[in-house]
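Enquirer: Read in order, the letters of the sequence shown correspond to residues 0 to 254 in numbering that gives the first Met the number 0. Just so you know, even glycine gets a beta-carbon here, dropped at the ideal spot from N, CA and C.
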Amino acid sequence: MDTLLVERVEGVVTVTMNRPEKKNAANATMWRELQECFTEVAQTPSDRVLVLTGAGGSFCSGADLTSVGSTGHPLSLMRTVGDVALALHRLPKPTIAKVHGVAAGAGCNMAFGCDLIVASDEARFCEIFARRGLSLDFGGSWLLPRLVGLHRAKELALLADMVSAKEALDLGLVNRVVSVGELDDFVDRWARQLAAGPPIALAMTKSLLNQSFEVAMTQALDDEARAQVVNFSTADTAEALAAFVEKREPHFEGR
Numbered sequence: 000m001d002t003l004l005v006e007r008v009e010g011v012v013t014v015t016m017n018r019p020e021k022k023n024a025a026n027a028t029m030w031r032e033l034q035e036c037f038t039e040v041a042q043t044p045s046d047r048v049l050v051l052t053g054a055g056g057s058f059c060s061g062a063d064l065t066s067v068g069s070t071g072h073p074l075s076l077m078r079t080v081g082d083v084a085l086a087l088h089r090l091p092k093p094t095i096a097k098v099h100g101v102a103a104g105a106g107c108n109m110a111f112g113c114d115l116i117v118a119s120d121e122a123r124f125c126e127i128f129a130r131r132g133l134s135l136d137f138g139g140s141w142l143l144p145r146l147v148g149l150h151r152a153k154e155l156a157l158l159a160d161m162v163s164a165k166e167a168l169d170l171g172l173v174n175r176v177v178s179v180g181e182l183d184d185f186v187d188r189w190a191r192q193l194a195a196g197p198p199i200a201l202a203m204t205k206s207l208l209n210q211s212f213e214v215a216m217t218q219a220l221d222d223e224a225r226a227q228v229v230n231f232s233t234a235d236t237a238e239a240l241a242a243f244v245e246k247r248e249p250h251f252e253g254r
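#1: If you run the structure through DSSP and keep just helix, strand and coil, what is Ala-62?
#2: Can you look up Ser-140 in the DSSP assignment and give me helix, strand or coil?
#3: List the residues that DSSP assigns as beta-bridge partners of Cys-125.
#4: Just to confirm, are Leu-170 and Phe-111 a CB contact at a threshold of 8 Å?
#5: If we ignore side chains and look at the alpha-carbon of each, how far apart do Asp-235 and Val-229 end up?
#6: Just list the alpha helix (DSSP H) runs in the segment 18-54, keeping only unbroken ones of 4 residues or longer that don't cross its boundaries, in chain order.
#7: With DSSP collapsed to three states, give me the class of Arg-191.
#8: Need the endpoints of the beta strand (DSSP E) that Met-16 sits in, please.
#9: Is the separation between the beta-carbon of Val-101 and that of Leu-33 shorter than 8 Å?
#10: Using a 10 Å radius around the Cβ and a threshold of 16 neighbouring Cβ atoms, would you call Thr-8 buried or exposed?
#11: Check for me: the alpha helix (DSSP H) holding Leu-201 runs from which residue to which?
#12: From this set, Phe-231, Ser-119, Val-98, Lys-92, which residue's C-alpha is nearest Arg-191's C-alpha?
#13: Does the Cβ of Leu-172 lie closer than 7 Å to at least one heavy atom of the ligand GDP?
#14: I'd like to know if the segment 193-202 and the segment 124-142 are in contact, where contact means that at least 3 CB-CB pairs between them fall below 8 Å.
#15: Alpha carbons only, please: which of Met-109, Leu-49, Trp-141 is nearest the one belonging to Asn-23?
#16: Kindly indicate which residue of Arg-89, Gly-61, Arg-31, Glu-121 has the alpha-carbon position closest to the one of Val-177.
#17: To the nearest angstrom, report how far apart Asp-46 and Ser-75 are at their CA atoms.
#18: Can you tell me where the beta strand (DSSP E) with Thr-94 in it begins and where it stops?
#19: Quick check on DSSP: helix, strand or coil for Ser-75?
#20: List the endpoints of the continuous alpha helix (DSSP H) containing Ala-167.
#21: Between the C-alpha atoms of Ala-159 and Phe-231, what's the straight-line distance to the nearest angstrom?
#22: Taking 6 Å as the limit between beta carbons, can you name the residues of its chain near Ala-103, skipping five residues before and five after?
#23: Is the CB-CB distance between Thr-94 and Leu-51 below 8 Å?
#24: What span of residues does the alpha helix (DSSP H) with Glu-223 cover, start to end?
#25: Taking the alpha carbon of Ala-105 as the reference point, which residue from Ser-119, Leu-143, Leu-115 has its own alpha carbon closest?
#26: Would you call Val-12 buried or exposed, if buried means 16 or more other Cβ atoms sit within 10 Å of its Cβ?
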């Protein structure tokens, strides 16, 4: 790919946005390649976890606004951005954002759109849209109220201030903040733990949680029951029960 580096190691797919000269700002090519990559990972059984990060000391500074207008009508571009956001949201594998440096605009919401967010203590987050005369995109209007509540979401979006890693942790925007030197090892541990987990059960758990704000408690319980019926029919659940009896770690194959 022209704008991404993709590495696969033991079920962990690391996708690195690779336009460091632009702080990994996403142009039309990157949007297309991100969508292709997320779709491929979703459809590849041996891919268990996706780690999303950026090259050159930044996560992603958002959309490359210098390329807007050169690739057709802005509405067409925004539909592509929306398709990428949905592909990330719907990906049935756990996703981890590994954030170092700046995550701004669409790049900020790309990080928040992952299931888990680990930031270095030098990471910075900004819903920069208002400073550019723009409104939220990449799902920010959906994500932010769910992460921090409506009034905090409005503060982040309307004022468009830069938020430090510590502030992001205090607000509940990220899961962990670690030192720069610990970032790779910490994310690798989480990724390997998730890759060793039961793929079918994790996918259904992710789906249940993603739908939790949209359904009533009765519907959630019905959905949980159906998911458990599926789980009890899998070889992975049988393996987990056998491993418990035999006092060993289970080996999940996703079937």
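Expert: Quick answer:
#1: strand
#2: helix
#3: Ala-103
#4: no
#5: 11 Å
#6: 27-42
#7: helix
#8: 11-16
#9: no
#10: According to the sequence as given, residue 8 is Val; it is not Thr. Val-8 is exposed by the Cβ-count criterion.
#11: 198-209
#12: Lys-92
#13: Ligands displayed in this structure: none; no statement on the ligand GDP is therefore possible.
#14: no
#15: Met-109
#16: Glu-121
#17: 30 Å
#18: 94-98
#19: helix
#20: 164-170
#21: 47 Å
#22: Ser-60, Gly-61, Cys-125, Ile-127
#23: yes
#24: 216-231
#25: Leu-143
#26: buried
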